[in-house]
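Engineer: What follows is a single structure, and I will ask about it in a moment.
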Amino acid sequence: MIYIVGAGSGAADLITVRGARLLGQADVIVYAGSLVNPQLLGYAKSGCQIHNSAKMTLEEVIDVLSAAHFQGLNAVRLHTGDPSIYGAIREQMDALNRRGIPLEVVPGVSSFCGAAASLQAEYTLPGVSQTVIIARAAGRTPVPEGQDIRSLASHGATMAVFLSAGLLEGLTEDLLAGGYRPDSPAAIVYKATWPDEKICRCTVAELAQTARENGIDKTALILVGDFLGKRYDRSKLYDPAFTTGFRQGTEQ
């Protein structure tokens, strides 16, 4: 069995209990060295073979995992955050499946969840936003037609923009053209939940300048939307007048 494990958003103790257990049992670990907190390798047992995939191709990763499987070894493919978000795991799973190698995916805490925790923010505020759009700006890698930032911004929903800290001039232009106000609240969260995390609150119009002033050009999440503002409606769930399946409300 090959285990594809989400490492969590950064802090070493934000990996799941299952993920930490599997790391401790692994004979082989292939980890995303450019993003995964190296402290997580402290869960590995003595003698574990550790490979940094930042220096490897897809084919090399699959060869290492395949060799471990056919030698009867336990192997973990360790991804940053949750592997289902910008983890490039589909191509790995397909390659392992073609070789008849069983696998299991273990979810992790995504950086967009870690960033909200650090900001003490709620993405889905009643009367403000009930939709969260996870996206990235088009750079060296394009995005599918109709899924560009300008189109997505037209919804006015909460946006969590990955992999775009070095593209903030163009990102700002697209956010504004899509419908966000220049004074729409925004935040840049650098290395969410890591020891050297940095949080910068600003507006959409100030994104690029704020990043420059704070020396941020990578490994940061861009958050946009009125969920970062002060206005919202009280939730119905805990409203004393609202009846639920568990309590009778006071509404007439």
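Numbering of the sequence shown is given in this note's numbering, commencing with residue 1 and proceeding in unit increments. All residues carry an ideal CB built from backbone N, CA and C; glycine is no exception.
1. Classify LYS198 as helix, strand or coil using the three-state DSSP reduction.
2. Where does the unbroken beta strand (DSSP E) through GLU122 begin, and where does it stop?
3. Between the alpha carbons of ALA85 and PHE242, how many angstroms are there, rounded?
4. Runs of 3 residues minimum, wholly inside the segment 63-117: which ones carry the beta strand (DSSP E) assignment?
5. Could you give the distance in angstroms between the alpha-carbon of ASN97 and the alpha-carbon of VAL64?
6. Assuming ASP174 and ILE199 make a contact with CB atoms under 8 Å, what is their CB distance in whole Å?
7. According to DSSP, is GLN49 helix, strand or coil?
8. Counting pairs of beta carbons, one from the segment 116-127 and one from the segment 136-151, are three or more of them closer than 8 Å?
9. The beta strand (DSSP E) with ARG136 in it runs from where to where?
10. Please state whether the Cβ-Cβ distance between ALA121 and LEU167 is less than 8 Å.
11. Apart from the five residues on each side of it in sequence, which residues of its chain come closer than 6 Å, Cβ to Cβ, to ALA157?
12. Figure out for me which residue from LEU73, ALA187, GLY178 has the closest Cα to the Cα of ALA26.
13. Please report how far the alpha carbon of GLY139 lies from the alpha carbon of TYR3, in whole angstroms.
14. Is GLY81 a contact residue of the ligand MG, with contact defined as CB to any heavy atom under 7 Å?
15. Considering only residues of the same chain and omitting the five flanking positions on each side of SER53, which have a CB-CB separation below 7 Å?
16. Mind checking HIS79: buried by the 16 CB within 10 Å criterion, or exposed?
17. Just reading off the alpha helix (DSSP H) that VAL17 is part of, what are its end residues?
18. Measuring alpha carbon to alpha carbon, tell me which residue in PRO185, ALA211, THR250 is nearest LYS236.
19. In chain order, what are the residue ranges of uninterrupted alpha helix (DSSP H) at least 4 long that sit wholly in the segment 163-243?
20. Among the candidates ARG247, LYS218, ALA75, LEU228, whose CA atom is the shortest distance from the CA of VAL204?
Structural biologist: In short:
1. Numbered from its first residue, the sequence shown carries residue 198 at position 198. Correct three-state label for LYS198: strand.
2. Working through the sequence shown from its first residue, we reach residue 122 at position 122. Per DSSP, GLU122 belongs to no beta strand (DSSP E) and is neither H nor E.
3. For this step, residue 85 is matched to residue 85 along the sequence shown. For this step, residue 242 is matched to residue 242 along the sequence shown. In the sequence on display, residue 85 carries Ile and not Ala. Each residue's alpha carbon lies about 36 Å from the other.
4. 75-79, 103-106
5. Here residue 97 refers to the residue found at position 97 of the sequence shown. Here residue 64 refers to the residue found at position 64 of the sequence shown. The straight-line gap from Cα to Cα measures roughly 15 Å.
6. The residue you call residue 174 lines up with position 174 of the sequence shown. The residue you call residue 199 lines up with position 199 of the sequence shown. In fact, because the Cβ distance is near 23 Å, the residues do not count as touching under 8 Å.
7. As a first step, residue 49 is located in the sequence shown; it is residue number 49 there, counting from the start. Here GLN49 sits in strand by DSSP.
8. no
9. Taking the first residue of the sequence shown as 1, we reach residue 136 at position 136. Segment 132-136, the beta strand (DSSP E) holding ARG136.
10. For this step, residue 121 is matched to residue 121 along the sequence shown. For this step, residue 167 is matched to residue 167 along the sequence shown. Taking 8 Å as the Cβ cut-off, ALA121 and LEU167 do not qualify as a contacting pair.
11. What you label residue 157 is simply residue 157 of the sequence shown in a count that begins at 1. Correct list, in chain order: SER129, THR131, ILE133.
12. Sequence index remark: in the sequence shown, residue 26 carries index 26 (1-based). Ranking the options by Cα distance to ALA26, first place goes to LEU73.
13. Locating residue 139 in the sequence shown gives position 139, counting from the first residue. Locating residue 3 in the sequence shown gives position 3, counting from the first residue. For GLY139 and TYR3, the distance between alpha carbons rounds to 31 Å.
14. Only the bare structure without any ligand can be found here, which leaves the ligand MG out of the picture.
15. Against the sequence shown, residue 53 aligns to sequence position 53. Cβ within range, chain order: VAL30, TYR31, ALA32, GLY33, VAL61.
16. In the sequence shown, residue 79 corresponds to position 79, counting from 1. Burial call: buried.
17. In the sequence shown, the residue the question calls residue 17 occupies position 17. Counting along the chain, the alpha helix (DSSP H) containing VAL17 begins and ends at 17-25.
18. Here the question's residue 236 lines up with position 236 in the sequence shown. Here the closest residue by C-alpha is THR250.
19. 168-178, 207-213
20. Here residue 204 refers to the residue found at position 204 when the sequence shown is read from its first residue. Between VAL204 and the set ARG247, LYS218, ALA75, LEU228, the nearest pair of CA atoms involves LEU228.
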